[in-house]
Amino acid sequence: MRGDQAAATVLSAEGGGLALALRAGTAGAEAEVTLGTATCRLATGVALAPRCWHRLWLSHDPSTGRLLLGQSGAGTMETAEASLPAGPAPATDGVVVAARGLDAPRDHFTGKIEAPMAAAAFVAAWPEPLDVPAEAAAALRAAWDFSRGIGTDTVHDAGPDGLHGMLVNAPTQAVVGARWSGEESCWRHAPGDYAAIHFHADDLEDCRWAPSFQFDVPEGMASGCYAFHVVTQAGEDWLPFYVLPPRGRATAAVVFLASTFTYQAYANHARGNADEAYQARVAAWGAYPHNPDQYGAYGTSTYNRHPDGSGIALSSRLRPVLTMRPGFLTFDDARGSGLRHYPADTHLLAWLEAQGIPFDVVTDEDLDDEGTALIAPYRVLLTGTHPEYHTGRMLDALTYYRDHGGRLVYLGGNGFYWRIARDPARPHLIEVRRAEGGIRAWDAEPGEYYHQLDGQLGGLWRRNRRPPQALVGVGFSAQGLFEGTSFRCLPAARAPEHAWIMEGVPEEFGDTGLSGGGAAGFELDRADIRLGTPANAAILARSGPPPPSFVTVPEELLSHVATVTGEPPRALQRGEIVYFTVPGGGAVFSVGSITFCGSLWDGRAFAGPVSRLLENVVRRFMTA
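The end of the sequence shown is residue 628 by my numbering, with every number in the run present.
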C-alpha cells in the first residue's frame, strides 16, 4: 500500500462519524471516531500481510462509549480498544466505501474489498473472517453484496432496509474474492466467488466537467477528422473530433475506419520516456507539449498499472486524452516523426487528400453501435496503422462486409489482436483483460480473465478462435523498437494476376519513412494458413531482416527454442504484404506492418513506391 493513508470504509454522520482506515507501514488497521466534539483514534499496530485477505471491524457501544477495532487474517487476530463519552449514537448520514468523506472524498483506498456491512449491535470476534455471528445477523442494517450487479454501477444491499448504493469512477469488478474456490474461472457461473471489488486511488471514469460550448455540425460539412483549437490566457489545446457523413448515406467510395478503441486503450500511456532529449525535440518541432509522464491527474492507460501494481483494465473517453492530440510525439524517433495511433493515422488522411481521393470517416465506436449497415455503402474500407482493439460485433461487421463484396485494406500491424468489452449503458468505457498469451504490459490474475462489462472471455482474439489471419490474412508475429526496414517483392508480386498491384513498384521498397525510417517496422504481421490465412492468399512482399531489437511474440513460442510452426523463432520475425479475394466478390489487401503508412511520404512529397503501391490498390478497389 502506498501513501500515508488510504481509507477502507467511512461512515459519516452529522457532527462526525466513524472511519475505518489502513495506514502504510506497520500501523495496520486504524480508526478515527468523532462523535459531537469528542474525537478518538486507535490502531492495531500490526501491519496487514500483503496479498492476503483480512477481516476488519470497528464497533461502538453508545451506552458505555467503548470502541473496539479489530483485524484478522493470515493466521492472526489483533484488536485495539478506546473509549468516548457515553451517549446516544448520532444518526448515520451516509456510508462511503474505499474513501473518506462524502462531499469531497479523499484518502482513496487501493485494494480489494468484499462484503462490507453495518449492524446496530455487533460481536467482534469470531473464528472465521467471513462467518457473521448470529448476534450480528440479527441486528443487521446493511450488507452490501458485490457479487450482484457485476458490470453495472449499482451496489446492492442484501440487508432489510435496501440501502443500495452506486459506484463512482468504475472500479474493477469480476475479481476473485476471499471465497474463490478455483473451481470456476467465469464469474457468471459462480458469482459468489467474485463478491469483491478492486478499488484504486487512480480510477477515473468521468471528470464530470460542465460543458463550455456546443457545436452544431453545419449542413454539408465534409466528413473528416477535425479539432477545436481552444485558446485561453493559460495556454491552448486541440480537441479532436470526427464528422461522419449523413446517417445511411455515403458521400464517397472510400471510408476510413478510425481506430478509436485503440486510441482509448492507449489513452494517456505513461511510458517513462519523456526525458530531456524527448522534451528538446517537442520544443524544437512545436509538438504537443503535454505528456502523461508529467500530467497524471487524468488517469493513465491500459498499458499502465494502478498504485498496487494491478493492471488497468478499464479506460474512459470522458477525460482529457493527451495522447490523442495533433502533434503528440510518442517516441524521440531518430529516423522519423515518432508519431503513433491518432497522429500517425493522419499520415494516411493527408495522403488521401494529396492524391485527391474522396473519403468519409467513421469510428470504431460507430461500427460497434451500428454494425455492417454503417460500412455497407462503401466500396473500400481503410484501417489505420494500428487497429488493435475490437469487439465481437466489430469483427462480425467487418467479416460480413468483406464477404459481401467489400474491399478491406488493412494498413497496419498488430491489428485485430485484443478482445474488448463495452457496456451499452456506459458506452464511454472499454475493458481489456490481459489473459494468457500475447505481448502484455501486465497479466490478469488467475480467475479474472472474463470481462465485467459483457461477461465474455478476454484476452487475444487468437485465443478466442478468431485470429487476425482469418479476417485479413496476416497476424502479429514480431515486435521491436520503433525502427523499420524495407520490403522485398516475392515471385507472386510479378504474377500476371497481380501486375496491377505492383505496377511501378521496384523489387525493394520502403527503406525510408516518417515512422521509424522504414515501411516494415515496430510490429509485424505474417500469413499463416493454420490460423486462417486463405489458401488463395498471395504473399506479394516480405520484410527484410529485422533489426536486432526485434523479438518473436510469445503466442508463437512453445519454449525458448520451439515455435508453434516448427520454424526457428528468428524466422517468424517478418512482415508480409498479402492480397486475396473471397467468393462473395470481396477482397483484402494487408500490409503487415505498423510503420507502413509513415513511408507514404518519401521526404519530398506523397510519392515513391509505397505511395504508388497503395494508390494502385485503392483506385482499383474503388472502380473494380
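Beta carbons are placed, not taken as given, at the ideal position from N, Cα and C, and that holds for glycine. In this text the structure is predicted, and so the values were computed from the model without any measurement.
Backbone CA spacing between residue i and residue j [nearest angstrom]
{"i": "D8", "j": "L326", "result": "The predicted position of D8 is uncertain, since its pLDDT is 46 and thus under 50; a value taken from the coordinates is nonetheless stated next. In a straight line, the C-alpha of D8 is about 29 Å away from that of L326."}
{"i": "D364", "j": "T264", "result": "15 Å"}
{"i": "A336", "j": "G290", "result": "The residue asked about is misnamed: residue 336 is Asp in this sequence, not Ala. Distance between the alpha carbons of D336 and G290: 14 Å."}
{"i": "D107", "j": "N173", "result": "15 Å"}
{"i": "V565", "j": "L494", "result": "28 Å"}
{"i": "A401", "j": "A338", "result": "39 Å"}
{"i": "S615", "j": "A317", "result": "38 Å"}
{"i": "G224", "j": "G520", "result": "38 Å"}
{"i": "N620", "j": "V509", "result": "10 Å"}
{"i": "A445", "j": "R437", "result": "11 Å"}
{"i": "P89", "j": "A42", "result": "8 Å"}
{"i": "R6", "j": "H112", "result": "Bear in mind that the predicted position of R6 carries a pLDDT of just 48, short of 50, making it too unreliable to give a figure here."}
{"i": "M121", "j": "L73", "result": "15 Å"}
{"i": "L167", "j": "H160", "result": "8 Å"}
{"i": "G459", "j": "E449", "result": "16 Å"}
{"i": "R469", "j": "A377", "result": "25 Å"}
{"i": "R624", "j": "Q359", "result": "14 Å"}
{"i": "D372", "j": "R397", "result": "6 Å"}
{"i": "S151", "j": "F491", "result": "53 Å"}
{"i": "T567", "j": "R578", "result": "14 Å"}
{"i": "V127", "j": "R59", "result": "Any reading at V127 must be qualified, since the residue scores a pLDDT of 42, below 50, and its modelled position is unreliable; no value is offered."}
{"i": "V413", "j": "R183", "result": "48 Å"}
{"i": "L385", "j": "G488", "result": "25 Å"}
{"i": "D206", "j": "H310", "result": "7 Å"}
{"i": "F610", "j": "L618", "result": "11 Å"}
{"i": "G169", "j": "R546", "result": "57 Å"}
{"i": "E85", "j": "R70", "result": "7 Å"}
{"i": "P613", "j": "F600", "result": "11 Å"}
{"i": "E34", "j": "A102", "result": "14 Å"}
{"i": "D529", "j": "E560", "result": "12 Å"}
{"i": "Q298", "j": "Q283", "result": "11 Å"}
8 Å Cβ shell around residue i - same chain, five flanking residues per side excluded
{"i": "H502", "result": "A496, A542, L544 and Y583"}
{"i": "W465", "result": "H394, L399, F420, Y421, W422, R423, P471 and P472"}
{"i": "R285", "result": "A291, L333, D336 and G342"}
Where residue i falls, given that 16 or more other Cβ within 10 Å makes a residue buried
{"i": "G388", "result": "buried"}
{"i": "P131", "result": "The predicted model places P131 with a pLDDT of 36, which falls under 50 and marks its position as unreliable, so this point remains unresolved."}
{"i": "D452", "result": "In the sequence on display, residue 452 carries Glu and not Asp. Buried."}
{"i": "C211", "result": "exposed"}
{"i": "H345", "result": "buried"}
{"i": "I533", "result": "exposed"}
{"i": "N540", "result": "exposed"}
{"i": "W61", "result": "buried"}
{"i": "D630", "result": "Outside the displayed span of the chain (5 to 628) sits residue 630, for which this structure offers no information."}
{"i": "W213", "result": "exposed"}
{"i": "E507", "result": "exposed"}
{"i": "C56", "result": "exposed"}
{"i": "P552", "result": "exposed"}
{"i": "L243", "result": "exposed"}
{"i": "P428", "result": "exposed"}
{"i": "H64", "result": "buried"}
{"i": "T627", "result": "exposed"}
Residues near residue i by beta carbon distance below 7 Å, same chain, minus five either side
{"i": "A254", "result": "D364, P381 and Y382"}
{"i": "G228", "result": "V247 and V365"}
{"i": "I443", "result": "Q483, V557 and P558"}
{"i": "G536", "result": "P471, Q473 and A474"}
{"i": "E527", "result": "G417, N418, F480, Q483 and I598"}
Beta-carbon contacts of residue i that lie in its chain and below 6 Å, excluding the five residues immediately before and after
{"i": "D241", "result": "V234"}
{"i": "A348", "result": "T389"}
{"i": "E36", "result": "A23 and R45"}
{"i": "E82", "result": "T48, V50 and Q75"}
{"i": "A425", "result": "E435, H455, L457 and D458"}
According to DSSP, residues forming a beta bridge with residue i
{"i": "I424", "result": "Its beta-bridge partners do not exist; DSSP assigns none."}
{"i": "W61", "result": "G74"}
{"i": "C493", "result": "A545"}
{"i": "G488", "result": "G525"}
{"i": "C229", "result": "Y246"}
{"i": "A274", "result": "In the DSSP output, where bridge partners are listed per residue, A274 has none listed."}
{"i": "Q483", "result": "E527 and V555"}
{"i": "E34", "result": "A25 and A47"}
Cutoff 8 Å: residue i Cβ touching any chain D Cβ
{"i": "Q298", "result": "Included in the structure is just one protein chain, with no chain D present."}
Meets three-Cβ-pair contact criterion under 8 Å: the stretch 109 to 116 and the stretch 190 to 210 | The answer is yes - the stretch 190 to 210 touches the stretch 109 to 116, with three or more Cβ pairs under 8 Å.
Taking contact to mean at least 3 C-beta pairs separated by less than 8 Å, is the stretch 586 to 594 in contact with the stretch 511 to 524?
-> Taking 8 Å as the limit for Cβ pairs, the verdict is that the stretch 511 to 524 does not touch the stretch 586 to 594.
If you pair each beta-carbon of the stretch 214 to 221 with each one of the stretch 314 to 332, do three or more pairs fall below 8 Å?
-> No: the two stretches stay apart, fewer than three of their Cβ pairs being nearer than 8 Å.
Within the chosen definition, does the stretch 276 to 291 reach the stretch 416 to 435 through at least 3 CB pairs nearer than 8 Å?
-> Verdict: no, contact absent.
Pairing CB atoms from the stretch 299 to 309 with CB atoms from the stretch 262 to 277, are three or more of them under 8 Å?
-> Yes, since at least three Cβ pairs between the stretch 299 to 309 and the stretch 262 to 277 fall closer than 8 Å, the two stretches touch.
Could you tell me whether the stretch 598 to 614 touches the stretch 354 to 361, using the rule of 3 or more Cβ pairs below 8 Å?
-> Touching, yes, given that three or more Cβ pairs across the two stretches are closer than 8 Å.
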